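Enquirer:
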Amino acid sequence: MTTWVALLRGVNVNGITIRSAELAALLRGLGFEEVKTVLASGNARFTVDVDVARRAELKTRIEAALRDRFDYDAWIVLVTLDELAAAVTAYPFDAAEPSRQPYVVFCTDVAVRDALVDAAASLDPAEDPTHPGIGVVYWSPEVGRTIDTPFGKLLGRAAYKPTTTTRNLRTLVKILG
Numbered sequence: 000m001t002t003w004v005a006l007l008r009g010v011n012v013n014g015i016t017i018r019s020a021e022l023a024a025l026l027r028g029l030g031f032e033e034v035k036t037v038l039a040s041g042n043a044r045f046t047v048d049v050d051v052a053r054r055a056e057l058k059t060r061i062e063a064a065l066r067d068r069f070d071y072d073a074w075i076v077l078v079t080l081d082e083l084a085a086a087v088t089a090y091p092f093d094a095a096e097p098s099r100q101p102y103v104v105f106c107t108d109v110a111v112r113d114a115l116v117d118a119a120a121s122l123d124p125a126e127d128p129t130h131p132g133i134g135v136v137y138w139s140p141e142v143g144r145t146i147d148t149p150f151g152k153l154l155g156r157a158a159y160k161p162t163t164t165t166r167n168l169r170t171l172v173k174i175l176g
């Protein structure tokens, strides 16, 4: 059995509302065990007998169920609990800095992550501090400027909508439980 974390993209914004109880029920209906949702931003942790070699198949299955049940173009990033723990542990910035947001940008594949890292290399690190990680890009924008920075605008492009999702480090710690 593998413990997985599904990070849904674009939930409870732009008119897409999925209540935590409904998300948990959907995942249980797929046969997943130990289902736990965290906050109302599309975070779910569950256990199922699917190993990492079948990640893409599991991702597709969950996205299809979300599309069918909630009638929206669902995209998720799917990581194991161990991968999530490693991403949290490796956070390179001062997560307690009150003037900054401790973000982790999850990417569906290496090419997406590499494209973001390459784009970030030309940005001002004082304004948009980023750092590459395994399957992620760490980002520490100023509080209140998330969507205004060049990296924030890059993440907002339609090309990244199906392939990335961003979470606050504090949310990830809660998911780890």
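Numbering (numbering that gives the first Met the number 0), first residue to last: 0 to 176.
Using N, Cα and C, we set each Cβ at its ideal position, and we do this for glycine too.
This structure is a prediction, so every number in the text was calculated from the model and none was measured.
Going straight from the alpha carbon of residue 63 to that of residue 73, what length do you get?
Expert: Those two C-alpha atoms are separated by around 8 Å.
Enquirer: Apart from the five residues just before and just after residue 71, which ones in its own chain have a Cβ nearer than 6 Å to its Cβ?
Expert: Correct list, in chain order: 15.
Enquirer: Can you list, in chain order, the residues of its chain with a C-beta nearer than 6 Å to that of residue 69? Leave out the 5 residues immediately preceding and following it.
Expert: Closer than 6 Å at the Cβ level, and outside the excluded window around residue 69, lie 17.
Enquirer: With 16 as the cutoff for other CB atoms within 10 Å, does residue 139 come out buried or exposed?
Expert: Flag for residue 139 reads buried.
Enquirer: The alpha helix (DSSP H) that contains residue 149, what's its start and end?
Expert: Residue 149 -> alpha helix (DSSP H) spans 149 to 154.
Enquirer: Between which two residues does the beta strand (DSSP E) holding residue 6 run?
Expert: Looking at the DSSP string, the run of the beta strand (DSSP E) that includes residue 6 is 1 to 7.
Enquirer: Would you decide whether residue 178 is buried or exposed? Buried here means 16 or more other CB atoms lie within 10 Å of its CB.
Expert: Any property of residue 178 remains undetermined from this structure, which presents the chain solely from 0 to 176.
Enquirer: Terminal residues of the continuous alpha helix (DSSP H) containing residue 95?
Expert: Element bounds for residue 95: n/a, residue is neither H nor E.
Enquirer: By the 10 Å Cβ neighbour count, where 16 or more other Cβ atoms means buried, how is residue 91 classified, buried or exposed?
Expert: Exposed.
Enquirer: Look up residue 75 in the DSSP assignment and say whether it is helix, strand or coil.
Expert: Residue state, collapsed to three classes: strand.
Enquirer: Could you have a look at residue 61 and say whether DSSP puts it in helix, strand or coil?
Expert: The answer is helix: DSSP assigns residue 61 an H, G or I state.
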